[in-house]
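Same order as they appear, the protein sequences are chains A and B.
Heads up: the first sequence begins at -7 in my numbering, then just goes up one per residue.
Heads up: the second sequence begins at 352 in my numbering, then just goes up one per residue.
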Amino acid sequence: MQNFEFTKEELAKIDAIIARYPNPQPAVMPVLWMAQEKYGHVEPDVQKLVARTLNLPEAHVHGVATFYTQYYKERKGKYVLDVCTSFSCQACGGYETLHYLEDKLGIKAGETTPDGMFSIQSVECLGACGYAPMMQITNDVYVNHLTPEKLDKVIDDLKKDQLPEFESIPLVQNRTTAMENE
Amino acid sequence: MSLTDWKAYKPVLIPNIKDYHKIDVYEKHGGYGALKKILADQDTLTPQHVTETVKNAGLRGRGGAGFNTGLKWSFMPKPDGGPRYIAANGDESEPGTFKDRVIFEFNPHTFIEGSIIAAYAMSITTVYVYIRGEYRSWIRMMEKAVSDAYERGYLGQNILKSGFSVDMVLHSGAGAYICGEESSLMESLEGKRGYPRVKPPFPAQKGLWGRPTTINNIESLANVPLIFNNGADWYKGTGAATHPGPLLYGISGHVNRPGVYEYPTGMLVTDLINEVAMGVRGGKRVKALIPGGSSTPPLRGDALDGVRMDSDSLRQAGSMLGTAGMCILDEDTDMVDYLWRVSHFYHHESCGQCTPCREGTGWLEKTLLKIKAGDGTMRDLDLLLDLCTQMEGRTICALADAAAWPVRYTITRFRDEFEARVKNTVYALS
């Protein structure tokens, strides 16, 4: 069985997080994030580590972990592809994007490829409505204006562990007029 | 600026200046000037004076409810020496809304400056900034901006040697729409499941950790320095008279040029669709406009003439301004499919605390799924409207209302489409 522990450095970081709040309980969310960064999931044993570290009841940490969708209560693929299918994306091909990925990777939304590389999820609005269709990779970078060609490239790059770069999208007005330089 | 010359409008909230997100560039263009002015003249520009100025400028909350921001600040009780909080709401989870992230990315310091001014006005000790967990890229940008502001002495102890101190803490959510509701946001900040609280007590009396708290939207706070830099009269004179100021319009859906735009409030929706967003793709007609996020009732495309993007005009038209996240749906859109997807969202996001919402959102989704599959009957349409009545106003927070409104108004305004999809069954009275 895997042993879940925070290192001395991580514990010092957790102390700094606790100091931002009047009591240790609010640190539960940032520390669950830390644990997920480290282990890739917050399965019950990781939740116990968080509870132990913050001296909180295990039931409380479990309650928090299960309330928020971004905490992975079970193991996922190395790269989790969260495709937005909420109504703005739905109108602009969100489901077509999702199905293209499902066909390409041979799995359904909610599943993980047998090699453990990719999971696909159909998710609620990610706040990129004007840049639909889009997806988020493992709770991090957004990839916008998806086309089959762009998806092919993203998947190829991820297989080589290359994450797409952050796409900065300025105000449309400011994109179409010359920038005032200083 | 009057509403007719919107084409000459230059963005002020997200100005067209290179690297404006960097503290040096922000300062070079007068950034933190409003804060400096206030802190240097605290005898005249008292906290009460600052609050009154914001109130008189007419700034209304940009998170959806549209309440006067200065008036909200004035609800805070007198300081008693204990901690007091601002919870800045950057949860931005209402589908169709993607504007606060533009502030994080292109003008974080106007938000930080506005938060410090708000903190001064209400004698706040800590500003907690709650940002949705999905915005990790933007949280990183905010971490940099906040650390720069600390380094320059705009945050922390004895700010600019004025005697005033305030801290700013960023807090990441982890995927829960309900945490954009102010009392749920506070629960989440306290490290709990995001269950909304019963009101009263209101946050100003009993908020974070039982202490006086004000919750403001990110864009609302970002507007505050503009009021002090340009004057309350300028602010009041920009855009719609009863709902003034610059506004970030997030335009999505079937338009040629979607994206975030900054214009004064009160823009004609037809100008926004046809000129700003360059019309509907493929020259098609607008079937429906969702003016301010998924919970705002859709308007029919043939009922948009003269409708303006401010709360009064939209209320008259039968909807709400919400977050000004506009989604345009063209004539080919399947309204049953659209409504099912919106209901699926609210079913997924209901926190489960109140029965009418927990059960009602599920019934809405399942009934719509049945209609979508072609198995619905006329009775199901009445059932949906009845469900709305059973949900509205019967829960702790407004999520049940937010789930019911699109159902009620999509069915009543696009009834022909729903009737065409259900079986024309006649039931005998039993």
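Here a beta-carbon is modelled for each residue, glycine too, at the ideal position from N, C-alpha and C.
- Arg12, Tyr13, Pro14, Asn15, Pro16, Gln17, Pro18, Ala19, Val20, Met21 and Pro22: these are the residues of the region 5 to 22 of chain A whose beta carbon lies less than 9 Å from some beta carbon of chain B, given in chain order.
- Excluding five sequence positions before and after Val687 of chain B, the CB atoms of its chain that fall closer than 8 Å to its own CB belong to Leu719, Ile722, Lys723, Glu768, Phe769 and Arg772, given in chain order.
- Taking the Cβ atoms as the reference, His33 of chain A lies roughly 4 Å from Tyr64 of chain A, within the contact range of under 8 Å.
- Judged by DSSP in its simplified three-state form, Asn568 of chain B adopts strand.
- Nearest to Arg759 of chain B by alpha-carbon distance, out of B:Ile747, B:Gln741 and B:Gly507, is B:Gln741.
- Excluding five sequence positions before and after Thr761 of chain B, the CB atoms of its chain that fall closer than 7 Å to its own CB belong to Pro649, Met686 and Leu690, given in chain order.
- Classified as buried, Phe457 of chain B has 16 or more neighbouring CB atoms from the shown chains inside 10 Å of its CB.
- Per DSSP, reduced to three states, the secondary structure at Phe696 of chain B is helical.
- Scanning chain B for C-beta atoms nearer than 9 Å to the C-beta of Glu116 of chain A yields Ser444, Pro446, Gly526, Tyr528, His695, Phe696, His699 and Glu700, reported in chain order.
- In this structure the region 442 to 453 of chain B touches the region 114 to 122 of chain A; the number of beta carbon pairs closer than 8 Å is three or more.
- Look at the region 660 to 681 of chain B: the residues with a C-beta under 9 Å from a C-beta of chain A are Gly676, Cys678, Ile679, Leu680 and Asp681.
- Nearest to Thr706 of chain B by alpha-carbon distance, out of B:Lys369, B:Thr746, B:Gln667 and B:Cys739, is B:Thr746.
- Close to Lys543 of chain B, with beta-carbon spacing below 7 Å, are these residues of chain A in chain order: Val56.
- By the Cβ rule, the region 540 to 555 of chain B counts as touching the region 49 to 62 of chain A, because three or more pairs are nearer than 8 Å.
- In the DSSP assignment, Asp681 of chain B forms a beta bridge with B:Val637.
- Taking the Cα of Gly415 of chain B as reference, the smallest distance to any Cα among B:Val620, B:Lys388 and B:Gly643 is reached at B:Gly643.
- At the C-beta level, Pro576 of chain B and Gly725 of chain B stay beyond 8 Å of one another.
- Minimum Cα-Cα distance from Glu35 of chain A among the listed residues A:Glu159, A:Ile9 and A:Glu66 corresponds to A:Glu66.
- Sixteen is the threshold: since fewer than 16 other Cβ atoms of the shown chains lie within 10 Å of the Cβ of Gly432 of chain B, the residue is exposed.
- DSSP places Gln154 of chain A outside both helix and strand once states are collapsed to three, so it counts as coil.
- In this structure, the beta-carbon distance from Leu41 of chain A to Phe110 of chain A does not fall below 8 Å.
- The residues Ile747, in chain order, have a CB closer than 7 Å to that of Val549 of chain B in the same chain once the five nearest residues on each side in sequence are set aside.
- Pro609 of chain B has a beta carbon lying within less than 8 Å of a beta carbon in chain A.
- Per the coordinates, the alpha-carbon of Ser78 of chain A lies some 20 Å from the alpha-carbon of Asp95 of chain A.
- Here the alpha carbon of Ala496 of chain B sits roughly 10 Å from the alpha carbon of Trp489 of chain B.
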